[in-house]
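Working notes, structure below.
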Amino acid sequence: MSLPPDYHMHTPLCRHATGEPVDYARRAVEIGLTEIGFSDHSPMSREDFDNWRMFDRQLDEYVAKVRLAQKEFPQLTIRLALEVDYLPGHEDWIRKLAARHPWDYFIGSVHYVSETWDVDNPAKLSEWKKRDAYEVWKIYFDRLTLAAESKLFDIIGHADLPKKFGIRPAQDCTPFYEKFLDAAAQAGCAIELNTAGLRKPCEEIYPSRDLLQLAFEKMVPITFGSDAHAPAEVGLNFAEAVALARSVGYAETTRFEKRERESVWL
Ligand SMILES: [Zn+2]
Ligand SMILES: [Zn+2]
């Protein structure tokens, strides 16, 4: 059995990743992947929004880097995509981004629970001391639900990212997960199994088994992503992610081309 496509990979344009797309592609071939997709952090309309994404003026350069990898590795299917931040009010900007290139898919990710707090940012770890984890989860999943409902995205990224630093609410968050997954199922939006969580203090794939089990019951499609920020991270822990998906019942994964979805056996 070959490994599923790695649909979540970054490039140095986001200012916190190393290696060119050709280097990620070379690594993918080395480990036997047949399909990958670049989904670097999308630009924001305001250039000074934060410091961990490409600038708007670099979007064409990003596409050119991915096209070069496609040319150098014709034996590998390489998708052109973006990881787009979802914040309420940014919908028009996201629609404009979508119209600028023939993207294969958009991963919609929530990192921000307010205009200024990106919950996964290690530089803002002290913010967690001022917040109640249950409240953060509620806001996070409300935003994730809006992202799914917006129909702007093909895949929702790392669905329980707030657990990154190992801080978790004591309360049961199942109702938040249910609401989000109902929206995803309704919109025909996939969720990803993101193995980066295994490399973080939470030491767990995003999303948790509980959330993934519910997703399977609601027939929400899945994709796989390493969230690689370096070539060595391509496809990392995919066997473990596939095992998790299978253990809750999944037998299929999802491919995207020009924003059309196709289910394939896992
Ligand atoms: Zn990143
Ligand atoms: Zn992300």
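For what it's worth, this note's numbering labels the leading residue of the sequence shown as 4, then goes sequentially. Where is the CB? At the ideal position from N, CA and C, for every residue including glycine. Treat the numbers as computed from the prediction; the structure is a model and nothing was measured.
So the candidates are the options; which of them puts its Cα closest to the Cα of residue i?
{"i": "His114", "options": "Leu83, Ile159, Ala101", "result": "Ile159"}
{"i": "Arg60", "options": "Pro46, Asn54, Lys127, Ala67", "result": "Pro46"}
{"i": "His93", "options": "Leu149, Pro204, Gly191", "result": "Leu149"}
{"i": "Glu118", "options": "Leu201, Ala101, Asp88", "result": "Asp88"}
{"i": "Gln174", "options": "Trp140, Phe156, Gln189, Leu184", "result": "Trp140"}
{"i": "Ile225", "options": "Ala231, Phe144, Leu36, Leu247", "result": "Leu247"}
{"i": "Lys261", "options": "Arg30, Arg146, Ile81, Ile208", "result": "Ile81"}
{"i": "Pro15", "options": "Met222, His232, Leu155, Lys203", "result": "His232"}
{"i": "Ala193", "options": "Leu215, Lys203, Cys176", "result": "Leu215"}
{"i": "Ala186", "options": "Ser211, Thr37, Leu217", "result": "Leu217"}
{"i": "Pro178", "options": "Glu195, Tyr137, Gly22", "result": "Tyr137"}
{"i": "Pro105", "options": "Val66, Glu86, Phe227", "result": "Val66"}
{"i": "Glu86", "options": "His161, Leu79, Lys68", "result": "His161"}
{"i": "Tyr10", "options": "Glu265, Leu83, Lys203", "result": "Leu83"}
According to DSSP, which residues form a beta bridge with residue i?
{"i": "Glu94", "result": "In DSSP, Glu94 forms no bridge with anything."}
{"i": "Gly22", "result": "Gly22 pairs with nothing; no bridge assigned."}
{"i": "Ile225", "result": "Ile194"}
{"i": "Asp43", "result": "Leu85"}
{"i": "Glu255", "result": "Trp268"}
Taking only the alpha-carbon atoms, compute the straight-line gap between residue i and residue j and give it to the nearest angstrom.
{"i": "Glu33", "j": "Val237", "result": "10 Å"}
{"i": "Arg98", "j": "Asp107", "result": "14 Å"}
{"i": "Asp277", "j": "Met57", "result": "The chain is shown only over 4 to 269; residue 277 falls outside these bounds and no answer can be derived."}
{"i": "Leu201", "j": "Gly169", "result": "11 Å"}
{"i": "Arg171", "j": "Asp123", "result": "13 Å"}
{"i": "Arg258", "j": "Pro8", "result": "8 Å"}
{"i": "Glu75", "j": "Ile142", "result": "43 Å"}
{"i": "Ser153", "j": "Gly111", "result": "10 Å"}
{"i": "Leu164", "j": "Cys17", "result": "19 Å"}
{"i": "Ser42", "j": "Met12", "result": "5 Å"}
{"i": "Lys132", "j": "Ala235", "result": "34 Å"}
{"i": "Arg146", "j": "Ala254", "result": "29 Å"}
{"i": "Arg29", "j": "Ile39", "result": "11 Å"}
{"i": "Phe183", "j": "Glu206", "result": "23 Å"}
{"i": "Ala102", "j": "Trp96", "result": "10 Å"}
{"i": "Val223", "j": "Gly252", "result": "12 Å"}
{"i": "Asp230", "j": "Ser250", "result": "22 Å"}
{"i": "Ala244", "j": "Ile208", "result": "7 Å"}
{"i": "Asp213", "j": "Lys221", "result": "13 Å"}
{"i": "Ala188", "j": "Cys176", "result": "19 Å"}
{"i": "Ala52", "j": "Pro125", "result": "Checking the sequence, you will find Phe at residue 52 rather than Ala. In a straight line, the C-alpha of Phe52 is about 17 Å away from that of Pro125."}
{"i": "Ser5", "j": "Leu269", "result": "9 Å"}
Report whether the distance from the Cβ of residue i to the nearest heavy atom of ligand 1 is below 7 Å.
{"i": "Trp55", "result": "yes"}
{"i": "Cys205", "result": "no"}
{"i": "His11", "result": "no"}
{"i": "His104", "result": "no"}
{"i": "His93", "result": "no"}
{"i": "Cys176", "result": "no"}
{"i": "Cys192", "result": "no"}
Let me know if residue i comes out buried or exposed under the rule of 16 or more other beta-carbons within 10 Å of its beta-carbon.
{"i": "His19", "result": "exposed"}
{"i": "Asn240", "result": "buried"}
{"i": "Asn197", "result": "buried"}
{"i": "Val267", "result": "exposed"}
{"i": "Lys167", "result": "buried"}
{"i": "Leu100", "result": "buried"}
{"i": "Leu128", "result": "exposed"}
{"i": "Glu263", "result": "exposed"}
{"i": "Asp157", "result": "buried"}
{"i": "Pro24", "result": "buried"}
{"i": "Glu50", "result": "exposed"}
{"i": "Pro91", "result": "exposed"}
{"i": "Pro210", "result": "buried"}
When you measure from the CB of residue i to every non-hydrogen atom of ligand 2, does any distance come out below 7 Å?
{"i": "Gly160", "result": "yes"}
{"i": "Glu236", "result": "no"}
{"i": "Ser112", "result": "yes"}
{"i": "Glu195", "result": "no"}
{"i": "Glu118", "result": "no"}
{"i": "Glu2", "result": "Residue 2 lies beyond the stretch modelled for the chain, which goes from 4 to 269, so this question has no answer here."}
{"i": "Glu86", "result": "yes"}
Would the beta-carbon of residue i be found less than 7 Å away from any heavy atom of ligand 3?
{"i": "Thr80", "result": "Absence of ligand 3 is noted for the structure shown, with ligand 1 and ligand 2 being the only ligands found."}
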